[in-house]
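A.B. asks: Residue numbers (the numbering used here): 1 to 207.
Input: one structure, supplied below.
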Amino acid sequence: MDNMAIYIDISKCTACRSCQVACKNWNQLKAEQTQNRGSHENPPDLSVQTWNRIRWIENHKNGKISWTFFSDRCRHCDPPDCKYIADTFVEGAVIKDSSGAVLFTEKIKDIDPDEILSACPYNIPRFDEATRMFFKCSFCSDRIPYGLPPACVKACSTGALNFGEKAKMLQLARDRIKQLANDAVLYPGEEYNTFWVLPDKGLLQSI
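In structure tokens form, the structure reads like this:
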């Protein structure tokens, strides 16, 4: 399955966190001890054990308050900045496979972690001191060869998460933008293998 994409329509997200739980279950990631910080977001940030997190964005419009929910994860950029930087030190430390996934290999242990962390414009990879490895959404690259969608997409019951050939996902996103009209916008753009439709371009300031 070549050049696939995850398309996320946040206007359909209810913050049920099924995607968050499915990611942990499939990748055997541990639960994390958290505490009430005055926010519904839990856990508070991405980490070595959390590769997908639902962010709660509070909106104030016409004297009313509403919430928008954003599934924060690796954008699987095309081309990825982290790969560009890594290749200057060790070729093959970061790869972009045929499905569209950006993946870290064992070779990344030979690179100063600050180089990789500073390369990502979205602050996504998390470094584990114990293993000297980086962790983030893997695009469920171990499921795709078997014709299975990413675990998060499989778990989503509202249609917010979609997976398929990138060209088809982009067309779905464009059609949805037309349906939403107003200020709906594609984020972060077409040069990614994970992208979102935002119902209001004003949300760009909060992401």
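Virtual Cβ for every residue (Gly too), placed ideally from N, Cα, C.
All figures in this text were calculated on a predicted structure; none of them were measured in a lab.
Residue range of the alpha helix (DSSP H) that ASN25 falls in?
C.D. replies: For this step, residue 25 is matched to residue 25 along the sequence shown. Per DSSP, ASN25 belongs to the alpha helix (DSSP H) from 18-27.
A.B. asks: Could you check what DSSP says for ILE65 in three-state terms: helix, strand or coil?
C.D. replies: As a working note, residue 65 is residue 65 in the sequence shown. ILE65: strand per DSSP, three-state reduction.
A.B. asks: Run through DSSP, which three-state label would MET4 get?
C.D. replies: The residue labelled residue 4 in the question sits at position 4 within the sequence shown. Strand.
A.B. asks: Please report how far the alpha carbon of PRO102 lies from the alpha carbon of TYR7, in whole angstroms.
C.D. replies: On the sequence shown, residue 102 is found 102 positions in, with the first residue counted as 1. On the sequence shown, residue 7 is found 7 positions in, with the first residue counted as 1. Inspection of the sequence shows that residue 102 is occupied by Val rather than by Pro. So the alpha carbons of these two residues sit roughly 16 Å apart.
A.B. asks: Does LEU228 pass the burial test, meaning 16 or more other C-beta atoms within 10 Å, or should it be called exposed?
C.D. replies: Not covered by the structure: residue 228. The range shown for the chain is 1 to 207.
A.B. asks: Which residue's Cα is closest to the Cα of GLU129: VAL48, HIS76, ARG37, LYS24?
C.D. replies: The sequence position of residue 129 within the sequence shown is 129, counting from 1. Nearest C-alpha to GLU129: VAL48.
A.B. asks: Go through the region 38-104 residue by residue and report every complete run of the alpha helix (DSSP H) that reaches 4 residues or more, in order.
C.D. replies: Those alpha helix (DSSP H) runs which fall completely within the region 38-104 and span 4+ residues are 81-87.
A.B. asks: Which two residues bound the contiguous alpha helix (DSSP H) that contains ASP112?
C.D. replies: As a working mapping, residue 112 is identified with position 112 in the sequence shown. Careful: ASP112 lies outside any alpha helix (DSSP H) and carries neither H nor E.
A.B. asks: Counting pairs of Cβ atoms below 8 Å between the region 117-127 and the region 153-166, do you hit three or more?
C.D. replies: Counting Cβ pairs under 8 Å, fewer than three are found: no touch.
A.B. asks: Nearest by alpha-carbon distance to ARG143: which of ILE177, LYS136, LYS154, ASN36 is it?
C.D. replies: For the purposes of this step, residue 143 is identified with residue 143 of the sequence shown, where counting begins at 1. Selected option, being the one with the closest Cα: LYS154.
A.B. asks: Between LEU161 and THR50, what straight-line distance do the alpha-carbon atoms span, to the nearest angstrom?
C.D. replies: Walking along the sequence shown from the start, residue 161 turns up at place 161. Walking along the sequence shown from the start, residue 50 turns up at place 50. So the alpha carbons of these two residues sit roughly 18 Å apart.
A.B. asks: Are the region 190-207 and the region 3-20 touching by the rule of at least three beta carbon pairs closer than 8 Å?
C.D. replies: Contact between the region 190-207 and the region 3-20 is established, with three or more Cβ pairs separated by less than 8 Å.
A.B. asks: Excluding the five sequence neighbours on either side, which residues of its own chain have a C-beta within less than 7 Å of the C-beta of GLN92, listed in chain order?
C.D. replies: Taking the sequence shown and counting its residues from 1, one reaches residue 92 at position 92. A quick correction: the sequence has Gly, not Gln, at residue 92. THR105, LYS107.
A.B. asks: According to DSSP, which residues form a beta bridge with GLY164?
C.D. replies: Your numbering for residue 164 matches position 164 in the sequence shown. GLY164 is bridged to ALA5.
A.B. asks: Shortest alpha-carbon distance to TYR84 belongs to which of ARG73, ILE65, SER99, SER118?
C.D. replies: Along the sequence shown, read from residue 1 onward, the residue named residue 84 stands at position 84. If we check each option's Cα against that of TYR84, SER118 comes out closest.
A.B. asks: Quick one, which of HIS60, LYS61, ASN42, ASN59 has its alpha-carbon nearest ASN52's?
C.D. replies: The sequence position of residue 52 within the sequence shown is 52, counting from 1. Comparing Cα-Cα distances from ASN52 to each of HIS60, LYS61, ASN42, ASN59, the minimum goes to ASN42.
A.B. asks: Per DSSP, what kind of secondary structure is LEU198 in: helix, strand or coil?
C.D. replies: In the sequence shown, the residue the question calls residue 198 occupies position 198. Residue state, collapsed to three classes: strand.
A.B. asks: Rounded to whole angstroms, what is the Cα-Cα separation between VAL94 and ALA86?
C.D. replies: As a first step, residue 94 is located in the sequence shown; it is residue number 94 there, counting from the start. As a first step, residue 86 is located in the sequence shown; it is residue number 86 there, counting from the start. So the alpha carbons of these two residues sit roughly 6 Å apart.
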